[in-house]
Amino acid sequence: MKNTMSPIQVSNLTVRYHGTRKPVLEGVQMTVHKSSFHTILGPNGSGKSSLLKTIMGLIKPSSGTVLINGLPISSWTRSELAKKVAVVPQSETFAFPLTVRELVATGRYPYLNAFQAETTVDQRAISTALKYCDIEHLLNRPISALSGGELQRVRIARSLAQEPSILILDEPTANLDIRYEMAIFTLLKALTKREMTVVMITHHLNLASEFSDHILLLRQGQVAADGTPQEVLSESILGSVYQWPIAVEGNPETKAPQVRPLSRMPEAHYKAFDNSQTDSNE
Amino acid sequence: MRPVICGFILFVCLVIAASLSIWIGPVDFTSTQILEALKGEGGAEALYIIRHIRGPRTVLAILVGGGLALSGAVFQALLRNPLADPYILGISSGAATGAVLVLSLGLAVAQPWILPAAAFAGSLIAISIVLAVASTRSQRLDMRVLLLAGVVTGAFFSACISLILTLSNTPNIRSAVVWMMGSLAGTEWSTAIVVATYTLPCTIILIGLAKPLNLLAIGEETASYLGAKVEQVKLAAYIVASLMTAAGVAATGIIGFVGLIVPHGMRLLVGNDYRILLPLCFLSGGSFLTLADTISRILISPVEIPVGVVTALFGVPAFLWLLRRNMRTRLP
Chain F
14 MKNTMSPIQV SNLTVRYHGT RKPVLEGVQM TVHKSSFHTI LGPNGSGKSS LLKTIMGLIK
74 PSSGTVLING LPISSWTRSE LAKKVAVVPQ SETFAFPLTV RELVATGRYP YLNAFQAETT
134 VDQRAISTAL KYCDIEHLLN RPISALSGGE LQRVRIARSL AQEPSILILD EPTANLDIRY
194 EMAIFTLLKA LTKREMTVVM ITHHLNLASE FSDHILLLRQ GQVAADGTPQ EVLSESILGS
254 VYQWPIAVEG NPETKAPQVR PLSRMPEAHY KAFDNSQTDS NE
Chain P
724 MRPVICGFIL FVCLVIAASL SIWIGPVDFT STQILEALKG EGGAEALYII RHIRGPRTVL
784 AILVGGGLAL SGAVFQALLR NPLADPYILG ISSGAATGAV LVLSLGLAVA QPWILPAAAF
844 AGSLIAISIV LAVASTRSQR LDMRVLLLAG VVTGAFFSAC ISLILTLSNT PNIRSAVVWM
904 MGSLAGTEWS TAIVVATYTL PCTIILIGLA KPLNLLAIGE ETASYLGAKV EQVKLAAYIV
964 ASLMTAAGVA ATGIIGFVGL IVPHGMRLLV GNDYRILLPL CFLSGGSFLT LADTISRILI
1024 SPVEIPVGVV TALFGVPAFL WLLRRNMRTR LP
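Top line first, the protein sequences correspond to chains F and P.
So the first sequence is numbered by this note's numbering: it starts at 14 and just counts up by one.
So the second sequence is numbered by this note's numbering: it starts at 724 and just counts up by one.
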């Protein structure tokens, strides 16, 4: 295998659910570079989560291909894939109050046979994951007794316990306060320095701008823009994708583009805004 | 508590429960008489009662109790619902309907395997109905709809049992009360052996699925990302757990709440890891039903009450307590 091989390569991807006239994804191209922080942005219902599920093989595309480390997604077994790619889904509802240790330990399942006990390698992976996410003190707490921010860090710790080379997260900082939000973005950025490839779905344009190496912007299932934060986060592109007037300024500290929605919508935008409402339900 | 110690204590409990079940009954025996009879010696009366009446009955209680507890725990993971139980989901009633139908048609006489097979078909029909009603467009199961669908489906199949038994003229079929409240009375070795040939392989298969069941209890999407073959595991677990329930129901009738109380007690004791939970559920489910059966024989002796009455007397308060607690506490 070549060292420059892209961890995730999506070509011409089209996904159509049964009984819908419009495809959920249409002709999507996406190349994720090794050890990069790759962000997927887009309005509600633009197909971000569908793209994630298709990349992971849970949705079969109507056409197009997904390559993980150069191999088609269909050729991966689920357990081999779980050793390379970890996913933190948008939400999980738990039926039983597992402890933090138990939940994080499920990250080692791809490596263990049915009744195999954890080895020292597994235990080291778990304790490293707990340390990275700063949740060692919560070890024996039931997950029902955690705050939203704590639970989110536990779920990320589980994905790190998988020791993946690719980490995909679907809105991991939704509902978190500034401190946890920054802590998670900083952690993920640090992981890319340790050769992990991070793909994140988020609505947080400004943090995406600060932390991402690359941004893919989706609109109604199609790629609206694809490139560096400077290339993608422009007033004209964002204004047309989000159907709201937006100002973009440079962050004086880091020079990254900073996005500021204008507080009033000019008269001319109303019509376009009304039209877009009908087909943007998630 | 450490799982190995816990398993050992529960095994001792099972031995004690089985001993009580063999020892206690309308006819009193001394311990020497019982030991002699188990070895195949001693008086003819003791030999017959111990080896051919209480023996198979105790073995069947262990198999059916263990099987019901285990399948209850499996349904709880599959449906991600701590209140799931083969009885509450209507699966047991579906199985009993299948069994009653072939008995009333006189089909089970020629081929003994037809009875569990018909019960199995009935259980699959019941679980299919409940799942079809409770699954919404977003593929997520609403707990309240699921329970309601199960209870109503169970009521429908209970009505079917009464109807079939009313219309049937076949002699020697057990009464509707026995089918609907369960009984281990009159168990013969042949029945216990048939149930064992279904229950033991099913137990091994389900315990073998413990790891993916742990993941399914978290969620199907997450389970896929953590390496589980979700659709295969779900299909296998539904079929095997239904089959095990059906084999028990075909032999004893509907015994409720074993699959609810026992797994819940084990969760309190050892936590929610199915690799530990499932074997312990089988052990303690066996003890539970054996004790319940012993109580059913001595509570208003010499009259025997159906064992399902005893399990319901324990099970309904436990269910109501769990329901209230689940409606109040929200897991993330």
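All residues carry an ideal CB built from backbone N, CA and C; glycine is no exception.
Residues of its chain near residue i, where Cβ-Cβ distance is below 6 Å and the 5 sequence neighbours each way are ignored
{"i": "residue 166 of chain F", "result": "146, 148"}
{"i": "residue 235 of chain F", "result": "39"}
{"i": "residue 290 of chain F", "result": "Because residue 290 of chain F sits at a pLDDT of 49, beneath the cut-off of 50, its placement in the model cannot be relied upon, and the following sentence gives the value as read from the coordinates. Answer for residue 290 of chain F: no residue qualifies."}
{"i": "residue 245 of chain F", "result": "228, 230, 238"}
{"i": "residue 80 of chain F", "result": "22"}
{"i": "residue 985 of chain P", "result": "792, 1004, 1007, 1008, 1011"}
{"i": "residue 132 of chain F", "result": "none"}
{"i": "residue 820 of chain P", "result": "845, 880, 883, 884"}
{"i": "residue 736 of chain P", "result": "1010"}
{"i": "residue 98 of chain F", "result": "177, 179"}
{"i": "residue 877 of chain P", "result": "813, 816"}
{"i": "residue 154 of chain F", "result": "113"}
{"i": "residue 143 of chain F", "result": "149, 170"}
{"i": "residue 873 of chain P", "result": "811, 812, 813, 853"}
{"i": "residue 43 of chain F", "result": "23, 229"}
Cβ distance (whole Å) where residue i is taken to contact residue j below 8 Å
{"i": "residue 939 of chain P", "j": "residue 801 of chain P", "result": "6 Å"}
{"i": "residue 95 of chain F", "j": "residue 948 of chain P", "result": "6 Å"}
{"i": "residue 213 of chain F", "j": "residue 52 of chain F", "result": "5 Å"}
{"i": "residue 100 of chain F", "j": "residue 181 of chain F", "result": "5 Å"}
{"i": "residue 812 of chain P", "j": "residue 850 of chain P", "result": "7 Å"}
{"i": "residue 210 of chain F", "j": "residue 45 of chain F", "result": "6 Å"}
{"i": "residue 127 of chain F", "j": "residue 933 of chain P", "result": "7 Å"}
{"i": "residue 1014 of chain P", "j": "residue 740 of chain P", "result": "5 Å"}
{"i": "residue 944 of chain P", "j": "residue 102 of chain F", "result": "5 Å"}
{"i": "residue 74 of chain F", "j": "residue 26 of chain F", "result": "5 Å"}
{"i": "residue 1046 of chain P", "j": "residue 806 of chain P", "result": "6 Å"}
Where the beta strand (DSSP E) containing residue i begins and where it ends
{"i": "residue 245 of chain F", "result": "From DSSP, residue 245 of chain F is part of no beta strand (DSSP E) but of the alpha helix (DSSP H) over 242-245."}
{"i": "residue 26 of chain F", "result": "21-28"}
{"i": "residue 154 of chain F", "result": "Note, residue 154 of chain F: premise wrong, no beta strand (DSSP E); not H, not E."}
{"i": "residue 74 of chain F", "result": "Residue 74 of chain F -> no beta strand (DSSP E), and no H or E assigned at all."}
{"i": "residue 51 of chain F", "result": "50-54"}
{"i": "residue 259 of chain F", "result": "259-263"}
{"i": "residue 214 of chain F", "result": "210-214"}
{"i": "residue 40 of chain F", "result": "38-45"}
{"i": "residue 774 of chain P", "result": "First-last for residue 774 of chain P: undefined, no H or E at that position."}
Continuous alpha helix (DSSP H) stretch holding residue i: start and end
{"i": "residue 228 of chain F", "result": "Not the alpha helix (DSSP H): residue 228 of chain F falls in the beta strand (DSSP E), residues 227-232."}
{"i": "residue 1059 of chain P", "result": "Within the shown structure, residues of chain P are numbered from 724 to 1055, placing residue 1059 of chain P beyond reach of any answer."}
{"i": "residue 185 of chain F", "result": "Where residue 185 of chain F is concerned, there is no enclosing alpha helix (DSSP H), given that its DSSP letter is neither H nor E."}
{"i": "residue 839 of chain P", "result": "837-857"}
{"i": "residue 945 of chain P", "result": "943-948"}
{"i": "residue 64 of chain F", "result": "61-68"}
{"i": "residue 162 of chain F", "result": "161-174"}
{"i": "residue 1040 of chain P", "result": "1030-1051"}
8 Å Cβ shell around residue i - same chain, five flanking residues per side excluded
{"i": "residue 14 of chain F", "result": "Confidence at residue 14 of chain F is low in this model, with a pLDDT of 45, below 50, so the placement of that residue should be treated as unreliable; the coordinate-derived value is given next. So the qualifying residues of the chain are 82, 83."}
{"i": "residue 292 of chain F", "result": "Residue confidence for residue 292 of chain F is low, a pLDDT of 46 falling below 50, so the modelled location carries little weight and cannot support an answer."}
{"i": "residue 271 of chain F", "result": "219, 222, 261, 262, 263, 264"}
{"i": "residue 752 of chain P", "result": "746, 760, 769, 772, 773"}
{"i": "residue 1028 of chain P", "result": "1019, 1022"}
Cutoff 7 Å; reference residue i; Cβ partners in own chain excluding five residues on either side
{"i": "residue 294 of chain F", "result": "No answer about residue 294 of chain F holds up, because its pLDDT of 41 lies below 50 and its placement is not dependable."}
{"i": "residue 1035 of chain P", "result": "979, 980"}
{"i": "residue 794 of chain P", "result": "809, 964, 967, 968, 982"}
{"i": "residue 973 of chain P", "result": "818, 822, 838, 839, 842"}
{"i": "residue 729 of chain P", "result": "992, 993, 1003"}
{"i": "residue 123 of chain F", "result": "92, 95, 96, 175"}
Any non-hydrogen atom of the ligand FAD closer than 7 Å to residue i Cβ
{"i": "residue 1026 of chain P", "result": "The model depicted lacks the ligand FAD and carries no ligand whatsoever."}
Test: residue i CB closer than 8 Å to a CB of chain A
{"i": "residue 931 of chain P", "result": "Checking the listed chains, one finds no chain A in this structure; the protein chains it contains are F and P."}
**Q.** Residues, ordered as in the chain, of the region 934-950 of chain P that lie near chain F by beta-carbon distance below 8 Å
**A.** 934, 937, 938, 940, 941, 942, 944, 945, 947, 948, 949, 950
Q: For the region 991-1018 of chain P, enumerate the residues whose C-beta is nearer than 9 Å to any C-beta of chain F, in chain order.
A: 994, 995, 996, 998
Q.
Across the region 184-195 of chain F and the region 210-217 of chain F, are there enough close Cβ pairs to call them in contact, namely three or more that are closer than 8 Å?
A. yes
(Q) Under 8 Å, CB to CB, which of the residues in the region 118-135 of chain F have a partner in chain P? (A) 119, 120, 122, 123, 125, 127, 128
Q | Residues in the region 79-100 of chain F having any Cβ partner in chain P nearer than 9 Å | A | 90, 91, 92, 93, 94, 95, 96, 98, 99, 100
**Q.** chain F contacts from the region 794-806 of chain P (Cβ-Cβ distance under 9 Å)
**A.** 799, 800, 802, 803, 804, 805
Q: Count the CB pairs spanning the region 998-1007 of chain P and the region 923-942 of chain P that are closer than 8 Å, and state whether there are at least three.
A: yes
(Q) Taking contact to mean 3 or more Cβ pairs, one atom from each stretch, closer than 8 Å, check whether the region 896-913 of chain P and the region 770-785 of chain P are in contact. (A) yes
Q: Return the residues of the region 197-221 of chain F that lie within a Cβ-Cβ distance of less than 7 Å from chain P, sorted by chain order.
A: none
Q: Identify each residue in the region 949-982 of chain P for which the Cβ-Cβ distance to at least one residue of chain F is less than 9 Å, and report them in chain order.
A: 949, 950, 951, 952, 953
Q. According to a CB-to-CB cut-off of less than 8 Å, which residues of the region 136-149 of chain F neighbour chain P?
A. none
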